[in-house]
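Student: For the sequence shown, the working numbering begins at 34 and goes up steadily by one.
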Amino acid sequence: MHQHVHDVHHFEMGAWLMWLAYIVSVIGSFVGLAAARRSVDARTEGQRQGWLAMSAVAIGGVGIWLMHFIAMLGFAVPGVPLRYDMTWTAGSAVLAIVAVYVGLNVVGKSVVPARLVAGGLITGLAVNAMHYAGMSAIRFQGEIHYDTALVLLSILIAVVAAIVALLFTLILESPVLRLLGGIIMGIAVVGMHYTGMAAVSVTVDQTFPSPDGVEVFSFLFPVFVMGLLGLAVPITVLLISDPDEPASVVVR
Numbered sequence: 034m035h036q037h038v039h040d041v042h043h044f045e046m047g048a049w050l051m052w053l054a055y056i057v058s059v060i061g062s063f064v065g066l067a068a069a070r071r072s073v074d075a076r077t078e079g080q081r082q083g084w085l086a087m088s089a090v091a092i093g094g095v096g097i098w099l100m101h102f103i104a105m106l107g108f109a110v111p112g113v114p115l116r117y118d119m120t121w122t123a124g125s126a127v128l129a130i131v132a133v134y135v136g137l138n139v140v141g142k143s144v145v146p147a148r149l150v151a152g153g154l155i156t157g158l159a160v161n162a163m164h165y166a167g168m169s170a171i172r173f174q175g176e177i178h179y180d181t182a183l184v185l186l187s188i189l190i191a192v193v194a195a196i197v198a199l200l201f202t203l204i205l206e207s208p209v210l211r212l213l214g215g216i217i218m219g220i221a222v223v224g225m226h227y228t229g230m231a232a233v234s235v236t237v238d239q240t241f242p243s244p245d246g247v248e249v250f251s252f253l254f255p256v257f258v259m260g261l262l263g264l265a266v267p268i269t270v271l272l273i274s275d276p277d278e279p280a281s282v283v284v285r
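1) Could you check how far apart the C-beta atoms of Ala-129 and Met-163 are, in whole angstroms? I think they sit under 8 angstroms.
2) Tell me, please, whether the stretch 113-131 touches the stretch 71-84 by the rule of three or more beta-carbon pairs shorter than 8 angstroms.
3) Considering Gln-82, what are the terminal residues of the alpha helix (DSSP H) in which it resides?
4) Going by DSSP in three states, His-37 sits in which element: helix, strand or coil?
5) Out of Phe-173, Ala-170, Tyr-165 and Trp-49, point me to the one whose CA is closest to Asp-180's CA.
6) How long is the line joining the alpha carbons of Val-197 and Gly-229, rounded to whole angstroms?
7) Whose C-beta lies closer than 8 angstroms to the C-beta of Ala-48 among residues of the same chain, with five residues either side of it excluded?
8) From Ile-216 to Lys-142, what does the alpha carbon distance come to, in whole angstroms?
9) Secondary structure at Thr-228, three-state DSSP: helix, strand or coil?
10) Okay, do the stretch 195-214 and the stretch 170-180 touch, 3+ Cβ pairs below 8 angstroms being the bar?
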């Protein structure tokens, strides 16, 4: 019997990493919520979609996806090398951004409970789908198993939080309250992540071939830089555009 259940570490590099992941998530969520809020007042559909696209990149790409991989730096199976499949890794980023974009479009410009719940459901499930797609990127000599109850809890956390954050986007005029929305969304994304990680158990099987793929460290730095650029664009546009005179962000 080559298989055995193995220890899993979630804070291999210390708890500070969780705080870094949280701060990144709050910043991404805050910028994304600000852009989504601006989309409500856009004068043309092209401008509105431009704001929503920037919002989706900030929330999906930075607030959710980048947060996940920063937190994953702390994930280790002692004595077993972990590698990441880049197709799954990149695919999970696209999934997060596209699903948040769809969720924001479903919510629309005003508070309609059915649309809000539908948008929150899509966005919340996007957070989860991204998480488990990101986990599917992991390659090692063995298999990952999940505790169903904790997986379901992680889905519930993400959906409820997404609904609250989207509601905040529509009703909160002041940046301070929007920051509160970002803080809540950050708590939800990170809470969902670690609930999902608590569901993980690992069996190691030395008969498995050595894993292909790259180490998380080797792709995280370029991704971090891309994440900062992904935030720089909406932040710049938010700063230079007059709220009363919507920015001409046109999606061709």
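Backbone N, C-alpha and C fix where the C-beta goes; we use that ideal spot for every residue, glycine too.
Tutor: If we stick to the structure as given:
1) 4 angstroms
2) No: the two stretches stay apart, fewer than three of their Cβ pairs being nearer than 8 angstroms.
3) 78-89
4) strand
5) Tyr-165
6) 20 angstroms
7) The same chain holds no residue with a CB closer than 8 angstroms to that of Ala-48 once the five nearest residues on each side in sequence are set aside.
8) 22 angstroms
9) Three-state DSSP puts Thr-228 in a helix.
10) Two segments are said to touch when three or more pairs of C-beta atoms, one from each, lie closer than 8 angstroms; by this definition the stretch 195-214 does not touch the stretch 170-180.
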